[in-house]
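Heads up, the sequence shown is in the numbering used here, so the first residue is 1 and it goes up one at a time.
A virtual CB, placed ideally from N, CA and C, is assigned to each residue, including glycine.
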Amino acid sequence: MSGRTWGASAPAKVILLGEHAVVFGKPAVSVAIGLRLRCKVRPAAVSSLNGIPLTPHNYSYVSACLAKHDAPPTAVLTDSDFPSGSGLGSSAAVTVALLAALNASKGDLKEDVVAREAFEVECEV
Numbered sequence: 001m002s003g004r005t006w007g008a009s010a011p012a013k014v015i016l017l018g019e020h021a022v023v024f025g026k027p028a029v030s031v032a033i034g035l036r037l038r039c040k041v042r043p044a045a046v047s048s049l050n051g052i053p054l055t056p057h058n059y060s061y062v063s064a065c066l067a068k069h070d071a072p073p074t075a076v077l078t079d080s081d082f083p084s085g086s087g088l089g090s091s092a093a094v095t096v097a098l099l100a101a102l103n104a105s106k107g108d109l110k111e112d113v114v115a116r117e118a119f120e121v122e123c124e125v
């Protein structure tokens with residue numbers, strides 16, 4: 001990651017059918033909606049999310065994304081049209097947007113790679 005800032009975004013989602021089924025590994029029908037979470041990454045002295053230093057006990061999805069990329073200390077900045085905990089997929093959105101920004105910082109942004117990595121992070125966390 002060079003000294004510049006890299007960014008990406010991901011949509012919120014709603015689950016139309018099967019919301020509780022996904023907890024048991026069953027399929028659901030979901031759709032992206034017009035709200036987005038934006039994520040920027042840049043090199044930093046200490047890894048953080050919106051100015052809060054990362055520890056082994058906070059922001060597990062962000063930490064897992066950075067670990068997957070073996071990222072140097074990184075400042076992660078997010079801005080969202082929807083609040084976390086709203087049931088609109090904020091964890092998934094931050095995971096996808098962060099992985100896309102990290103891949104872009106390496107000059108290798110491929111949607112299939114971001115999708116695979118996001119699935120792996122979801123399974124790990």
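For residue 116, the enclosing alpha helix (DSSP H) stretches over residues 111-124.
Between residue 125 and residue 60, the C-beta spacing is below 8 Å. In its chain, beyond the 5 residues on either side, 12, 35, 88, 90 have a beta carbon closer than 7 Å to the beta carbon of residue 82. Going by C-alpha positions, residue 25 is about 28 Å away from residue 39.
In the structure shown, the three-state DSSP call for residue 32 is strand. With 16 or more neighbouring CB atoms inside 10 Å of its own CB, residue 102 falls in the buried class.
Distance from the Cα of residue 44 is smallest, within the candidate group 30, 16, 21, 5, for 5. In the three-state reduction of the DSSP assignment, residue 78 falls in the strand class. By the criterion of a C-beta distance shorter than 8 Å, residue 73 is surrounded in its chain by 43, 44, 45, 46, 47, once the five residues flanking it on both sides are discounted. By the neighbour-count criterion, in which a residue is buried when 16 or more other Cβ atoms sit within 10 angstroms of its Cβ, residue 117 is buried.
Annotation for residue 99: no beta strand (DSSP E) segment contains it, though the alpha helix (DSSP H) segment containing it runs 90-105.
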